[in-house]
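Chemist:
In my numbering, the protein residues as written are 16 to 100.
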């Protein structure tokens, strides 16, 4: 299963929904990077993704985007193959 990294904050409902969706697909380990606790991580996230909102999700080396992007991949049947790669 591909490595999953998620930039998140402590009180983000979309982060929780993304985590729940990923767990329902069998993802056991999600590396969470809390940008609310580390301003340097927020800057890094914005530089890497070009986005300011959380969650920002990486599966392997691929930037998936936020929760809506993750849910769209799942709806299209593209999430499981990405996780399996």
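Quick reminder that beta carbons are idealized off the backbone N, C-alpha and C, glycines included.
Tell me, please, whether the CB atom of residue 46 is closer than 8 Å to any CB atom in chain D?
Modeler: In the structure shown, chain D does not exist; there is a single protein chain.
Chemist: For a test of your reading of the model: does the CB of residue 17 fall under 7 Å from any non-hydrogen atom of the ligand ADP? Yes or no.
Modeler: Ligands in the displayed structure: none, and consequently the ligand ADP is not present.
Chemist: Could you tell me which residues DSSP pairs with residue 47 in its beta bridges?
Modeler: Here residue 47 refers to the residue found at position 32 of the chain shown. BP columns for residue 47 point to 21.
Chemist: Just checking my contact of residue 103 with residue 24 at CB under 8 Å: how many whole Å lie between their CB atoms?
Modeler: Residue 103 lies beyond the stretch modelled for the chain, which goes from 16 to 100, so this question has no answer here.
Chemist: Please list the terminal residues of the continuous beta strand (DSSP E) segment that includes residue 77.
Modeler: The residue given as residue 77 occupies position 62 in the chain shown. From DSSP, the beta strand (DSSP E) with residue 77 extends over 77 to 80.
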